[in-house]
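Enquirer: For what it's worth, the working numbering labels the leading residue of the sequence shown as 1, then goes sequentially. Each residue gets a CB set at the ideal place from its N, CA and C atoms; glycine is no exception. Keep in mind it's a predicted model, so treat the numbers as computed, not measured. Sharing a structure below in structure tokens format, with a few things to ask.
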Amino acid sequence: MSKGHIIPLVHLAHLLRRRRLATLTFFTTPLNAPFFRDSLAGTDASIVELPFPENVPDVPAGVESTDRLPSMSLFVPFVYAIKRLRPRFGEALASLPTVSLLIFDGFLGRTNDSASKFGIPRMVFYGMGNFSQTMCREVSVYKPHAGVTSYDEPFRVPGFPHLWLTRSDLEPPFDDPDPDPKDPLYQLIVEAGMATQASQGVVVNSFYELEAAYVDRWNADGGPKAWCIGPLCLARQTAPPAEKSGWMDWLDSRQGINRPVIYVSFGSQAEPSAAQLQQLATGLERSGLDFLWVVRAKAMDLGQGFEERVMERGRVIRDWVNQLEILHHGSVKGFISHCGWNSVIESVSAGVPILAWPLMAEQKLNAKFVVDELQIGLRVRPSGGTPNGLVMSEEIERSARELLVGEKGKETAERAKYWAEAARKAMDGGASWLTLEKMIEELCVKRTTQNAIVSA
Ligand code: UDP
């Protein structure tokens with residue numbers, strides 16, 4: 001029920017179609033169905049629509065996806081609303097002729113009960129990378145931050161001598177070694193963890209080489225195995241759209257005059273505050289760089305006359321864009337990103353270095369992975385030493401220039417190219433290609449007819 005979880009599974013449907021390994025059926029709700037339908041064109045996947053529960057406390061009518069929530073503070077009630085679909089899901093599942101495997105969204109916890117009733121193997125999908133997934137589990141189980149009172153005091157993660165985290169790298173409830181058992185978010189995470197443990201595996205949109213140590217650690221714990229079958233975005237063989245968008249023409253024009261472009265997007269859910277966006281506008285303007293900036297809040301004022309002043313070298317888009325297409329455009333040489341996992345793995349696949357600007361969820365862990373482990377990015381730092389302070393325009397100007405035209409930027413760009421090639425190989429007959437085949441071979445209930453996978 002969020003774009004960041006839907007998009008990779010849609011890529012999976014394309015991949016399964018291309019490789020003729022299985023067909024996918026998606027369970028979703030009416031307002032999400034059109035997005036599925038549009039992006040599934042060319043696959044043999046089908047969609048089952050379950051009506052969204054009515055009169056859900058705190059969730060406004062007409063909101064069926066996290067990107068429509070007025071605030072992410074409503075995430076927990078939203079997930080509990082979706083869980084009310086469980087009985088209908090069970091009925092719908094029973095009516096399908098052949099189901100060999102169920103992939104369920106990790107946050108939906110016990111949705112998988114109905115599958116176990118029918119003896120269908122179950123896998124979970126969180127849309128996260130291995131590094132963040134493993135770190136969340138390590139801190140929950142082993143509590144290396146017990147006794148660490150300050151948010152910026154580094155602590156070691158056992159088993160990874162080179163790795164230091166701080167509590168500010170973690171989001172609630174993971175940042176707290178002693179979380180309140182009555183906290184609804186904590187309860188949701190515990191339920192998700194239990195459902196994960198009860199599953200037969202975890203689908204991961206990443207590739208083994210990228211995060212080998214963390215995949216190995218996850219798998220060494222004897223729980224459900226992590227199956228790395230990505231980057232799924234490389235599964236998509238999109239034909240060029242019938243009509244080219246204006247911003248693609250503009251990117252072509254930048255390539256023509258050899259001016260590198262920095263792409264700016266904070267994903268489908270989060271949006272920095274108005275004050276923060278104005279700092280960003282000023283920073284981009286002062287940097288002198290060319291930029292393509294996707295702003296979610298359509299009515300957001302970026303400062304008087306900003307868009308007119310930068311017209312020659314900047315574009316602000318208040319629309320849904322094809323991010324993959326943009327990242328693969330030859331003139332895009334850097335990405336200012338909130339480090340949602342899809343954005344990270346898409347940028348890795350395209351060989352584009354990242355200016356990491358995490359905002360919520362596991363994005364701070366992803367940013368750490370990008371900057372410290374892969375070294376394919378730089379990080380912007382908020383002022384005042386607090387993780388939630390404003391990132392000032394001077395910091396944005398300096399770090400964006402460093403990424404696009406500085407020495408450190410050159411090094412990150414070279415490493416990003418290496419990982420893009422490794423990603424391509426993984427999906428093109430390499431580790432991810434083979435893992436997908438093995439996953440289906442090992443986990444799908446054996447049937448005489450073609451396998452079918454259900455995603456909920
Ligand atoms: N995305 C897109 N167009 C947009 C905004 C986002 O195609 O205008 C896609 C992006 O390519 C990625 C997903 O939406 O696949 C966002 O997922 P991510 O994990 O990066 O962040 P989230 O939105 O979950 O915070």
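For ILE257, does the count of other Cβ atoms within 10 angstroms reach 16, so buried, or fall short, so exposed?
Expert: By the 10 Å Cβ count, ILE257 comes out exposed.
Enquirer: Which ranges would you report for the alpha helix (DSSP H) in the region 224 to 291 if only whole runs of at least 4 residues count?
Expert: With a minimum length of 4 residues, the continuous alpha helix (DSSP H) runs that stay inside the region 224 to 291 are 246 to 256, 274 to 287.
Enquirer: Specify whether the region 359 to 373 and the region 392 to 399 touch according to this definition: at least 3 beta carbon pairs, one from each stretch, less than 8 Å apart.
Expert: No: fewer than three Cβ pairs fall under 8 Å.
Enquirer: To which residues of the same chain is ASP44 closer than 6 Å at the C-beta, ignoring the five residues directly before and after it?
Expert: Excluding positions up to five away in sequence, the list reads ARG17, THR23.
Enquirer: Since ARG379 sits in a beta bridge, which residues does DSSP pair it with?
Expert: BP columns for ARG379 point to ALA356.
Enquirer: Determine the direct distance from the alpha carbon of LEU185 to that of PRO70, and round the result to whole angstroms.
Expert: Each residue's Cα considered, the two are about 18 Å apart.
Enquirer: Does the beta carbon of VAL294 fall short of 8 Å from some heavy atom of the ligand COA?
Expert: As for the ligand COA, it is missing from this structure, which binds only the ligand UDP.
Enquirer: Flag TRP341 as yes when its Cβ comes closer than 8 Å to any non-hydrogen atom of the ligand UDP, and as no otherwise.
Expert: True, at least one ligand heavy atom lies under 8 Å from that Cβ.
Enquirer: Between the Cα of ASN130 and the Cα atoms of LEU210, ALA115, VAL141, which residue gives the shortest distance?
Expert: The residue with the shortest Cα to Cα distance from ASN130 is LEU210.
Enquirer: Measuring only the C-alpha atoms, how far is ALA146 from LEU374?
Expert: Going by the C-alpha atoms only, they are around 28 Å apart.
Enquirer: Do the CB positions of VAL99 and THR166 come within less than 9 Å of each other?
Expert: Contact: no.
Enquirer: Which residues in the same chain as PHE118 place their Cβ atom closer than 8 Å to its Cβ, once the five residues preceding and following it in sequence are excluded?
Expert: Around PHE118: LEU93, ALA94, VAL99.
Enquirer: Compute the beta-carbon to beta-carbon distance between VAL294 and VAL264, rounded to the nearest angstrom, for a pair I have assumed lies under 8 Å.
Expert: Right, their Cβ atoms sit about 7 Å apart.
Enquirer: Going along the chain, which residues of its own chain have a beta-carbon closer than 8 Å to the beta-carbon of TYR208, five neighbours each way excluded?
Expert: Here the set comprises VAL215, CYS228, ALA426, ALA431, SER432, THR435.
Enquirer: Please classify ASP38: does DSSP put it in a helix, a strand, or coil?
Expert: In the structure shown, ASP38 sits in a helix (DSSP, three-state: H, G or I).
Enquirer: Determine the burial state of MET194: buried for a count of at least 16 other Cβ atoms within 10 Å of its Cβ, exposed for fewer.
Expert: Answer is exposed; the Cβ neighbour count stays below 16.
Enquirer: Return the residue from the list CYS233, ALA192, ALA13 that minimises the CA-CA distance to TYR126.
Expert: The shortest Cα separation from TYR126 among CYS233, ALA192, ALA13 belongs to ALA192.
Enquirer: Am I right that GLY377 and ALA356 are in contact with their C-beta atoms under 8 Å? What's the rounded C-beta distance?
Expert: With a Cβ gap of about 5 Å, GLY377 and ALA356 count as contacting.
Enquirer: Please classify ASN388: is it buried, with 16 or more other beta-carbons within 10 angstroms of its beta-carbon, or exposed?
Expert: Burial call: exposed.
Enquirer: I'd like the list of long-range same chain contacts for HIS11, defined as Cβ closer than 7 Å, with 5 residues on each side in sequence excluded.
Expert: Counting only Cβ-Cβ distances below 7 Å, and skipping sequence neighbours, we find LEU232, CYS233, ALA235, ARG236.
Enquirer: Could you give the distance in angstroms between the alpha-carbon of HIS14 and the alpha-carbon of PHE36?
Expert: Their backbone Cα atoms lie some 12 Å apart in a straight line.
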